Amino acid sequence: MERSDIPSLHINNGFKASGLKAVLFDMDGVLFDSMPRHAKAWVRVCRDHGLNISDAEPYYHEGRTGDDTIDIFTRRFLGRPATAEEKRQIYEEKCRYFNDYAEEAPQMPGAQELLTKVRDEGLTIVVVTGSGQDSLLQRLEHGYHGFFRRELVVCSHDTKRGKPAPDPYLMGLKKAGVAASEAVVIENAPLGVQAAVAAGIFTVAVNTGPLDERVLYDAGAGIVFPSMQACADAWPDFLSKLSAAH
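According to the numbering used here, the residues represented by the sequence shown are 89 to 334, in order.
Structural data, given as structure tokens:
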């Protein structure tokens, strides 16, 4: 991607690229091409429990905690909130189904190249995921050896509220020891973009799913790339353009 091909910027906070200290990455759909497996697992377990969601439904809730997602579905199909036992059982079954497919979830093309550029710039790398599955957190080390430290991973167990609330990204800032104006988020889901923007962080969206890019801009993304590879290719010029915008 040439510099002239970089998508237009929408500056929505006080970020200055010259002060960048940390990059906060979502995991599913950003680091791993795992959302199709998540969607398949959600559809399977929900239909097992009489929650007849569509095949596309999980993509609209990407980034939510499992408990919140299950509660939305039971309210719609059963007319009531999910019980604690239902949340536990359904999520455990969903994780089990996902693990049947997990080995098929490869690295997202371009993700390691971008991580390398970020690390070589001396920036702190943080992961902020709505997942609480140990198998997925372990995949960070297996898939990207040496890039991540467990103390710089925020998962669903670290905050009471998940995306789209800002709490996960606020926790990511806290763990990194940086201000919102000193960080950038890499996200692929509208709810994740909303969470990052609500935390005051400039948000780069990568459109690795089936949604129109307008959905990501409407959620508050400052810029949208069509893939992680495009983001990695444009990263130095993107930062230069971002600096020039202030």
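Each residue gets a CB set at the ideal place from its N, CA and C atoms; glycine is no exception. Every value quoted in this text rests on a predicted model; they were computed, and no experiment measured them.
Whether residue i touches residue j by CB criterion (8 Å)
{"i": "Ala129", "j": "Tyr185", "result": "yes"}
{"i": "Ala335", "j": "Asn276", "result": "Nothing can be reported for residue 335, as the shown portion of the chain is limited to 89 through 334."}
{"i": "Ile178", "j": "Ile160", "result": "no"}
{"i": "Gly250", "j": "Leu112", "result": "no"}
{"i": "Pro298", "j": "Tyr148", "result": "no"}
{"i": "Asp325", "j": "Ile94", "result": "yes"}
{"i": "Pro278", "j": "Val303", "result": "yes"}
{"i": "Ala110", "j": "Leu258", "result": "no"}
{"i": "Pro197", "j": "Met316", "result": "yes"}
{"i": "Lys182", "j": "Asp155", "result": "no"}
{"i": "Ala193", "j": "Ser122", "result": "yes"}
{"i": "Cys319", "j": "Leu202", "result": "yes"}
{"i": "Gln195", "j": "Gly234", "result": "no"}
{"i": "Gln282", "j": "Gly308", "result": "yes"}
Helix, strand or coil at residue i [DSSP, three-state]
{"i": "Thr204", "result": "helix"}
{"i": "Ala293", "result": "strand"}
{"i": "Ala144", "result": "coil"}
{"i": "Asp159", "result": "helix"}
{"i": "Asp136", "result": "helix"}
{"i": "Asp116", "result": "strand"}
{"i": "Val266", "result": "coil"}
{"i": "Ala129", "result": "helix"}
{"i": "Ala199", "result": "helix"}
{"i": "Gly154", "result": "helix"}
{"i": "Leu108", "result": "coil"}
Of the residues the options, the one placed nearest residue i, counting alpha carbons only
{"i": "Cys243", "options": "Val266, Tyr189, Gln200, Gly280", "result": "Gly280"}
{"i": "Ser331", "options": "Glu270, Val312, Val303", "result": "Glu270"}
{"i": "Leu119", "options": "Val214, Arg176, Arg302", "result": "Val214"}
{"i": "Ser219", "options": "Gly151, Phe313, Glu239", "result": "Gly151"}
{"i": "Val273", "options": "Arg168, Val131, Leu327", "result": "Leu327"}
{"i": "Gly265", "options": "Pro278, Glu239, His245, Asp246", "result": "Glu239"}
{"i": "Gln200", "options": "Ile289, Glu229, Ser142, Pro314", "result": "Glu229"}
{"i": "Val216", "options": "Ala172, Leu139, Asp255", "result": "Asp255"}
{"i": "Met115", "options": "Arg227, Pro252, Asp306, Thr291", "result": "Arg227"}
{"i": "Lys248", "options": "Leu139, Thr153, Leu108", "result": "Thr153"}
{"i": "Glu189", "options": "Ala127, Leu166, Ser142, Trp323", "result": "The sequence given here places Tyr at residue 189; Glu does not occur at that position. Among Ala127, Leu166, Ser142, Trp323, the Cα nearest to that of Tyr189 is on Ala127."}
Span of the beta strand (DSSP E), counted from its first residue to its last, around residue i
{"i": "Ile178", "result": "Unbroken run through Ile178 is the alpha helix (DSSP H), 172-189; no beta strand (DSSP E)."}
{"i": "Ala320", "result": "No beta strand (DSSP E) holds Ala320; the alpha helix (DSSP H) holding it covers 316-332."}
{"i": "Ile274", "result": "271-275"}
{"i": "Ile94", "result": "Ile94 -> no beta strand (DSSP E), and no H or E assigned at all."}
Segment limits, alpha helix (DSSP H) that includes residue i
{"i": "Ala283", "result": "278-286"}
{"i": "Val303", "result": "301-306"}
Item to check | Within the stretch 209-256, ranges of the beta strand (DSSP E) (whole runs, at least 3 residues) | outcome: 212-216
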